[in-house]
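Counted the way this note's numbering counts, the sequence shown spans residues 33 to 166.
Virtual Cβ for every residue (Gly too), placed ideally from N, Cα, C.
Below: one structure, written as structure tokens.
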Amino acid sequence: MMYKHLLVATFLLSALASSNAQDFQEMYEKASAVTKLTSHVGAAVIFSPNGRLESDQALFDKAFEDNATLKPQLGMDVLRLLRGDKGVVILVCTADGTKSVLKDLSCTPGMDLHHWRDQPDRVCEFALGPATCQ
């Protein structure tokens, strides 16, 4: 009887570990997509003559047109954009828009904040802006 419980516990722990590793992999792939999206949108806002005038959604849609793999990688997450003179910040939030998942500044090479991992209950709002870019 004890052996049976041990097998069940081992199975559940290995399933949980496998699921956790898969979640981490999925989130790091999503972070990679966000850094590409941020780079694209940042360049459009800073260097394109019409970029500052376009809506957030138009900028996202153009980036998705130019790189068709980005949108599927981001799934149903809510994307928010904050613009500045020297860059942009993209905030990725859960599909219901309540929790922050990832935050990326266009002026840095990698993902800036992994809220899903480091602050899983972080509210979906901007705290780090493009003014950070120098």
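Query: Beta-carbon contacts of L111 that lie in its chain and below 7 Å, excluding the five residues immediately before and after; Result: F92, I122, V124
Query: Alpha carbon of C165 to alpha carbon of T140, nearest angstrom; Result: 8 Å
Query: Beta-carbon proximity list for M108, same chain, < 8 Å, skipping 5 on both sides; Result: A127
Query: Beta bridge counterpart(s) of S132 as assigned by DSSP; Result: C125
Query: Span separating the alpha-carbon of E97 from that of D153; Result: 32 Å
Query: Given F158 as reference, the closest of W148, Q105, L134, D150 once Cα atoms are compared; Result: L134
Query: C-beta contact flag for R84 and V73 at 8 Å; Result: no
Query: Range of the contiguous beta strand (DSSP E) that encloses R115; Result: 110 to 115
Query: Best match in A65, H146, D117, D144 for proximity to A100 [C-alpha to C-alpha]; Result: A65
Query: Rounded straight-line distance, which links the Cα of D136 to that of G142; Result: 8 Å
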